[in-house]
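First the structure, in the form of structure tokens, and then the observations on it.
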Amino acid sequence: MHKFIPYVFKSLWRHRARTLLTVSGTAVALLVFCFIGGVQQGMLALTAGEDAGRTLIVFQENRFCPQSSRLPQDYESTIAKLPGVQAVAPIKVFTNNCRASLDAVVFQGIEPEKMKAWRDVNLESGNWNSFASQDDAALIGVDLAARRNLSVGDKFTIGDVSVLVQGVFRSTSAAENSLIYTHLDFLQRARGANDVGTVTQLEVHLTDSADPDAIAKQIDQEFRNGPVGTTTRTKGMFQADTLADLAELIGFVHWLGYACVGLVLSLVATTTVMSVQDRIKEHAVLQTLGLRPLLVLGLVLTESLLLSTLGGILGVAGSVLLLSSAGMSIAAEGVTIAFEPSLTLAIQGVLVAVVVGILAGLAPGWHASRTEIVSALRHA
Amino acid sequence: MPLVEVHNVVKEYANGEETIRPLDGVSLTVDQGDYVSLMGASGSGKSTLLNLIAGIDQATSGEIVVADTDITKLSRGKLADWRARHIGYVFQTHNLIPVLTAYENVELPLLLLPMSSAERRKRVGIAMEAVDLTSRASHYPRQMSGGQEQRVGIARAIVANPTVVVADEPTGSLDDETTEQILTLLSRINTELGMTLLMVTHDADAGSRARRKIRLERGRLLENGKPVSLVKGQTAQLHTA
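What follows is the structure in structure tokens.
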């Protein structure tokens, strides 16, 4: 079989326009497929991440948008005393857009020491001390910095909130790379806001042996008769609930991913069928020379496999490049989903292309291998 | 012992509700080193007989033994292997692979045989030299004349040193001068290389170059105007549709 590989390449190059169009069409479809996969992966990372099940988020009862959740900050000390609770961080969230948006900016005001201890971030530029010591200082995620073209020393204003960039960080959690961290009290005192003493949410870290559901119930019970009722969920569940509408949309969009696979299948199959129809006589000549029908099937399969795989590799490479360089994300209600590339997604994309290539070549290859030699030789 | 033995071969095919039987109980033998021309009117079944002997068509009944192998009993895959080893086929319309050079076209049959690349190079070189086209080895079919293409086709047919070379109207699409060159080349292949050659032609002049001239006439295989004498005393019969 390998001795005929040059023939396969030359056959593909014979109709180079058709080949290039098929490869580029496959590449675009696989790019979309992987892009959709990247969105789903970002969603999954939020709801099934490492700390999604071991960290609790306390939010105001029956509220969804961070602008409308106003919890007394002193709830922190009450919660911190509960058994099983390791530490509590009050967080003020500010966003320029509560609805789903591709360019939402989300500020999280948090005490610098807790931010340093709890967030797995590395400063790519800037200085931690400058951030910790300056009231209006902000640390900006790399993806947001790239989108908004921000660097250390820049002043950045959204609405009434104006911060000075003192660092650009990269987090192990892709969603955080689109966040802005500021001091908690700065965000509480921001112009136009009068939120001293209130926070948007409380982030509760648990001990290893604690039961998250039991503690969540206990917290809500504790404040049932307080000035503001609470809804406490694990971080994963909080994010899933917050993004429920978006999750539904993303769930629907994954059908578009399957449609892309179908598109590649029909595209490569059409090209392969055309190629086989063009060469009915040629395949008969090859069989006359002694090529086994199975070898003819193999040649056709190799052609469709090459078309699909080459397009798949280009599409996957394009999507990985796009997802990793553009730092795209979508946010709703202050929660951000980052479009994440990954090795698993890349391998999945290439495998889909390989399988589709084989499927697309099966019928035309079988037809080519079963053609009656004598009648095919008479073919014009 | 004959190299090719055709025993009582019948070939039928359906044309709508009608059954066409181009060969009806044909028998024939061909010896090693023979040069046989098979002539007859259009539709007489001469190409069908040639294709059956070449193993690219299946007889409805009967037996075809080539080099001690009854090819009517072989599966499609085994028949393909058998063709690669035993048959060199010269087509009327050359049928070269357009994306391959002359060299690569000639090399094709050797890719199916267990052979080193050095051995392949050597054999292709000999075959190209035999048809006097060494200088055109890197040319594509579209860059060659019809005669040159046919010579490449002949080189491809002989390169694997097959048991039988079959040629189906090898000069049918050529001008007189090129026809003469091709017929001379085929004669040389038979006399100088000792290859057994079976050629279908409707051209009496081309047919006369062969040592044995078999004609399909009035439903019979005739050799030199007399019915072909056959193995086991049978008489060859061929019925036109």
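So the protein lines, in turn, are chains U and C. Residues 1 to 380 in the UniProt record's numbering are what the first sequence lists, from first letter to last. Residues 1 to 241 in the UniProt record's numbering are what the second sequence lists, from first letter to last. Ideal Cβ placement from N, Cα and C applies to all residues, glycine included. This one's a predicted model, so the numbers in the text were calculated from it and none came from an experiment.
Residue pairing by DSSP places C:Lys78 opposite no residue, since no beta bridge is assigned to it. Scanning chain C for C-beta atoms nearer than 8 Å to the C-beta of U:Arg292 yields Arg76, Gly77, Ala80, Asp81, reported in chain order. Annotation note: the stretch 60–109 of chain U contains the following uninterrupted beta strand (DSSP E) runs of length 3 or greater, listed N- to C-terminal: 85–95, 106–109. For the stretch 299–317 of chain U, there are no residues whose beta carbon sits under 7 Å from a beta carbon of chain C. Taking 8 Å as the threshold, the shortest C-beta distance from U:Arg14 to chain C falls below it.
Taking 8 Å as the threshold, the shortest C-beta distance from C:Asp132 to chain U does not fall below it. Going by DSSP, U:Glu176 is part of no beta strand (DSSP E) at all; its letter is neither H nor E. One alpha carbon belongs to C:Arg156, the other to C:Glu17, and they sit about 40 Å apart.
Interface flag for C:Val99 against chain U is set, since a Cβ pair is found closer than 8 Å. Residues of chain U with a Cβ closer than 8 Å to the Cβ of C:Tyr89 are, in chain order, Thr288, Leu289. Of all residues in the stretch 52–69 of chain C, the ones placed with a Cβ closer than 8 Å to any Cβ belonging to chain U are Ala54, Ile56, Asp57, in chain order. Residue contact with chain U for C:Ala84: present (Cβ-Cβ distance below 8 Å to some residue of chain U).
Taking a beta-carbon distance threshold of 8 Å, C:Leu49 does not count as an interface residue toward chain U. Taken in chain order, the complete alpha helix (DSSP H) segments of 4 residues or longer contained in the stretch 155–229 of chain U are 184–188, 212–222. Taking C-beta separations shorter than 6 Å and ignoring five residues to either side along the sequence, the partners of U:Ala284 in its chain run Ile373, Ala376, Leu377, following chain order. In the structure shown, U:Met274 adopts helical secondary structure according to DSSP, grouped into three states. The beta carbon of C:Asn95 falls within 8 Å of a beta carbon belonging to chain U, placing the residue at that interface. Residue burial annotation: U:Pro227 is exposed, with fewer than 16 other C-beta atoms found within 10 angstroms of its C-beta.
For C:Asn8, the enclosing beta strand (DSSP E) covers residues 4–15. Interface annotation for the stretch 16–33 of chain U against chain C: empty, criterion Cβ-Cβ distance under 9 Å. Inclusion of C:Leu197 and C:Leu186 in the CB contact set at 8 Å is warranted, their separation being smaller than that value.
U:Glu282 reaches chain C at Ile97, counting residues in chain order whose Cβ is nearer than 7 Å.
Runs of the alpha helix (DSSP H) spanning 4 or more residues and lying entirely within the stretch 68–127 of chain C occur at 76–86, 102–107, in chain order. Rounded to the nearest whole angstrom, the CA to CA distance from U:Leu20 to U:Gly262 is 19 Å.
Contact note: U:Ile337 does not reach chain C at a C-beta cutoff of 8 Å; the least C-beta distance is about 49 Å. One alpha carbon belongs to C:Pro2, the other to C:Ala127, and they sit about 27 Å apart.
Residue nearest to U:Gln277 within the set U:Ala368, U:Ala17, U:Asn62 is U:Ala368 (criterion: CA-CA distance). The beta carbon of C:Leu50 sits closer than 7 Å to those of Leu38, Val166, Asp168, Leu198, Val200, all from its chain and outside the five residues before and after it, given in chain order. Distances from the alpha-carbon of U:Asp103 to those of U:Pro341, U:Thr336, U:Gln348, U:Gly361 put U:Thr336 closest. For U:Ala27, same chain residues with a beta-carbon under 6 Å away, outside a window of 5 residues either side, are Gly311, Leu314, Gly315 in chain order. With respect to chain U, the C-beta atom of C:Pro109 has a partner C-beta closer than 8 Å. Per the coordinates, the alpha-carbon of U:Ser171 lies some 23 Å from the alpha-carbon of U:Ala247. Boundaries for U:Pro112: no beta strand (DSSP E) harbours it, while the alpha helix (DSSP H) harbouring it runs 112–118, taken from the DSSP string. In this structure, C:Gly146 and C:Gln92 do not form a Cβ contact; the two beta carbons are roughly 11 Å apart against a cut-off of 8 Å.
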